[in-house]
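Working notes, structure below.
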Amino acid sequence: MDLEQIVQRVLLTRRDLTREDVLKLIYEKKRSAENYLLDDVAARIVASELGVDIPHEEESYKSEISIGSLVSGLNDVTLTARVIIVYPIQTFFKPDLTQGKLARLLLADKSGTLRLVLWNDKISLIEAGKIKHGNIVRILHGYVREGLDGKLELHVGQRGDVQVSPPDVADSHYPSIDQFIDKIGNLTQKSKKASVLGTVYDVYPMSEFKRKDGSTGKVRRLRLRDETDEVSLVLWNEKVDELSGVKKDDQLRIMNARVKTQPDGQIELYVENATQIEKLVGQALPLPSIASSEATRKIADLKEEGGPFTIEATVATTPNIREVTTAQKEKVLVASFDLTDETGKIRISLWRKHAELAKELSVGTRIKIKNAYAKRGFSNLLELVSRTSTIIEILYGEKVK
0 MDLEQIVQRV LLTRRDLTRE DVLKLIYEKK RSAENYLLDD VAARIVASEL
50 GVDIPHEEES YKSEISIGSL VSGLNDVTLT ARVIIVYPIQ TFFKPDLTQG
100 KLARLLLADK SGTLRLVLWN DKISLIEAGK IKHGNIVRIL HGYVREGLDG
150 KLELHVGQRG DVQVSPPDVA DSHYPSIDQF IDKIGNLTQK SKKASVLGTV
200 YDVYPMSEFK RKDGSTGKVR RLRLRDETDE VSLVLWNEKV DELSGVKKDD
250 QLRIMNARVK TQPDGQIELY VENATQIEKL VGQALPLPSI ASSEATRKIA
300 DLKEEGGPFT IEATVATTPN IREVTTAQKE KVLVASFDLT DETGKIRISL
350 WRKHAELAKE LSVGTRIKIK NAYAKRGFSN LLELVSRTST IIEILYGEKV
400 K
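Residue numbers are given in numbering that gives the first Met the number 0: position 250 of the sequence shown equals residue 249, and the series is strictly consecutive.
Listed below in C-alpha cells is the structure:
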C-alpha cells in the first residue's frame, strides 16, 4: 500500500482530520526521524498512532466505497450508484480564455445521495445520451471536495472515468428512481424542488408571450394527479416542445421541478430547463382517485403545514367573499372566515368553486371539510386552504339571533 492509499484509509477512519492534517503529521514524523523514513513507512507509523489499522501488502484493499462513507479530501475514489437527476450542462471560461464545460448529476446508493461533477471531455457522455437518469454508473479515480453549500461533491476530471451500466452490477442493489418521488398531497410552500409521478387528466392550449428582449416564449399548463392530490404543471419554452404530444391519461415522471405556491395556497410545479420529463410508455393506468383523509382532526391537532386533513367545525365569522386576480391574470373568488371547535379557532380560505359555497354559510353553520391543507399565512399563523380535491359538506345551520 502506497502513501496515497494510506492517507485515504486514515481519512475514512478519522473523519475529524483533513487531508492536510494527515500529510502534515507524516511530514513531521519524517522530519523527527531526520528523513530516514520512507514516505509510506512514516505514513504507516502515523496511522498506527492515530488508531487506524493498515492492512499488510498481502491483504486486499477495497477501493470501492459507498456514498455515506465519503469524506472531503479523498482521491482515487471508486464508487457505483444510480443516476437520479442529470442537470443541464454549464459552460465557463478557463484562465486561458478557452471554453470549458461541466455537468452535475445526482447519484444515489443505499447509503445516501451525492452530487457528481463531470468536467470537460467527460461531458460527451451526457451529450451523446449515454448517461441518463436511471442508469447505474461506476466512477473511477474520482476525488471528493466540498461544494459552495458545504455539501460533498464527487468530481471526475482528466484522470477519472465513468462506466455506464457496468456488467458486474445488480440493478436491484441500488435504490430506484421512484424512491425519490414526492406525493403531490405532501407538497407545501416550504418545498423548493419536487419530483412527482402521476396521470395527466387535463391539457390546456399552448400560449406564447413576448419577453423584455423582444423574443417569443412559450408556456403550457397540464393537470397531473396521483392518489393524494392533483397539481398544475407549468411547462416553459423548450419543455413545451418536449411534451408537444402529451394527452390525457399519459403517465409522466417529473424530476426536479420548481415548486411555486400561489396566493390561494395552490401548488404549481414549474417545468423548466433543469427539469427532466419522462413519459412512461406502456404504463397507462386508470386515472387515480384521490384518497380522502377520513380521520377527523381537531383544530388544536393542526400544528404543521401539510394535509390532506378532515375537520368538523363551526363557522365563527361571516365569510368575506371577494374577487382577486392571480399571477396568471385570472379573476377568481376567495372566501375567508374563521372556524371553531371545542379545541380552538383557525382561519380558512375557500377558492374558486368552494368560495361559491361559502355564500350559503353563516355564523353557527356546522360543516365537514375533507382534503383541506394547512399552510402558514402572512402573519406566520397556520390556516386552512381549499384545493381542487377539497370536499365541503354542510352538516346543519343555526340562525343568528
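For each residue, glycine too, the CB sits at the ideal point set by N, CA and C. Bear in mind the structure is a predicted one, so any value in this text is a computation, not a measurement.
Nearest-angstrom Cβ-Cβ length linking residue i and residue j, presumed shorter than 8 Å
i	j	result
Ile64	Ala42	Not quite, the Cβ-Cβ distance comes to about 19 Å (not below 8 Å), so this is no contact.
Pro306	Ala256	Looking at the sequence provided, one finds Gly at residue 306 rather than Pro. Wrong, their Cβ atoms sit about 20 Å apart, outside the cutoff.
Gly111	Ile83	About 11 Å separates the two Cβ atoms, so there is no contact after all.
Gly309	Arg296	Note that residue 309 is Thr in the sequence shown, not Gly. 7 Å between Cβ atoms; contact.
Leu139	Asp160	4 Å
Val195	Ile253	5 Å
Thr401	Ile183	Here the chain covers residues 0 to 400 and nothing more, so residue 401 does not appear.
Leu10	Val21	7 Å
Val258	Lys191	6 Å
Among the options, the one whose alpha carbon lies nearest that of residue i
i	options	result
Leu151	Val168, Gly184, Leu113 and Gly133	Leu113
Lys129	Ser164, Thr97, Leu105 and Val143	Ser164
Arg103	Asn119, Ser110, Gly111 and Lys109	Asn119
Leu394	Lys369, Ser388 and Leu153	Lys369
Val116	Ala294, Val85 and Asn236	Val85
Asp337	Lys328, Ala315 and Val40	Ala315
Thr12	Leu36, Ser47 and Gln250	Ser47
Glu329	Thr339, Trp350, Arg222 and Lys217	Trp350
Thr77	Pro87, Leu223 and Arg158	Arg158
Val331	Leu22, Ile320 and Val9	Ile320
Ser388	Arg224, Gly213 and Asp15	Arg224
Ser356	Lys23, Ile390 and Asp15	According to the sequence displayed, residue 356 carries Leu and not Ser. That would be Ile390, whose Cα lies nearest to the Cα of Leu356.
Val40	His154, Gln4 and Arg14	Gln4
Glu304	Leu251, Lys352, Glu311 and Asn379	Asn379
Cα-Cα separation, residue i to residue j
i	j	result
Val270	Val202	15 Å
Asp52	Glu267	53 Å
Lys61	Ala169	Only weak support is given to the placement of Lys61: the predicted model assigns it a pLDDT of 47, under 50, and the value that follows is read from those uncertain coordinates. Straight-line Cα distance between these residues: approximately 19 Å.
Asp248	Ala193	21 Å
Lys189	Val45	47 Å
Val333	His172	50 Å
Arg220	Met205	7 Å
Arg144	Ser68	14 Å
Ala107	Asn134	11 Å
Gln265	Val230	8 Å
Glu58	Glu27	For Glu58, the pLDDT reaches just 41, beneath the cut-off of 50, and the residue's location in the model is therefore unreliable, leaving the point undetermined.
Val399	Ala371	Bear in mind that a pLDDT of 36 at Val399, under 50, signals an unreliable position, so the model cannot answer this.
Asp38	Ser71	22 Å
Val6	Ser31	19 Å
Gly197	Arg137	31 Å
Thr324	Ala127	45 Å
Tyr142	Glu237	34 Å
Leu279	Ser361	48 Å
Leu186	Leu2	49 Å
Ala299	Val239	44 Å
Val218	Asn272	13 Å
Thr17	Gly50	16 Å
Phe208	Leu234	13 Å
His132	Glu241	17 Å
Gly99	Leu105	21 Å
Asn74	Gln162	18 Å
Pro87	Thr260	24 Å
Leu403	Ile122	No information on residue 403 is available, as it lies outside the stretch 0 to 400 that the chain covers here.
Leu124	Glu392	56 Å
Pro318	Ala354	9 Å
Thr79	Thr90	26 Å
Ser335	Gly376	12 Å
Leu147	Ile276	28 Å
Asp340	Ala294	16 Å
Leu232	Arg210	21 Å
Glu33	Lys23	15 Å
Glu322	Glu359	17 Å
Paired residues, beta bridge with residue i - DSSP
i	result
His154	Val116 and Tyr142
Asp340	Gly343
Met254	Gln275
Thr295	Thr309
Gln188	BP columns for Gln188 are empty, so no partner.
Ile125	DSSP output for Ile125 lists no bridge partner at all.
Ile391	Ile368
Thr324	Lys330
Gly244	Answer is none; Gly244 lacks a bridge partner.
Asn319	Ser335
Lys217	Glu207
Asp201	Arg222
Residue i beta carbon near the ligand NAD (any heavy atom closer than 7 Å)
i	result
Val143	By its list of ligands, the structure shown contains no ligand whatsoever, and the ligand NAD lies outside what it can speak to.
Does the stretch 350-368 come close enough to the stretch 173-190 to have 3 or more Cβ pairs within less than 8 Å? Between the stretch 350-368 and the stretch 173-190 there are fewer than three inter-stretch CB-CB distances shorter than 8 Å, so the stretches are not counted as touching.
Is it the case that the stretch 329-348 contacts the stretch 381-392, given that we only count it when at least three CB pairs across the two stretches are under 8 Å? yes
Using 8 Å as the threshold, is the stretch 236-251 in touch with the stretch 89-99, meaning 3 or more CB pairs across them? no
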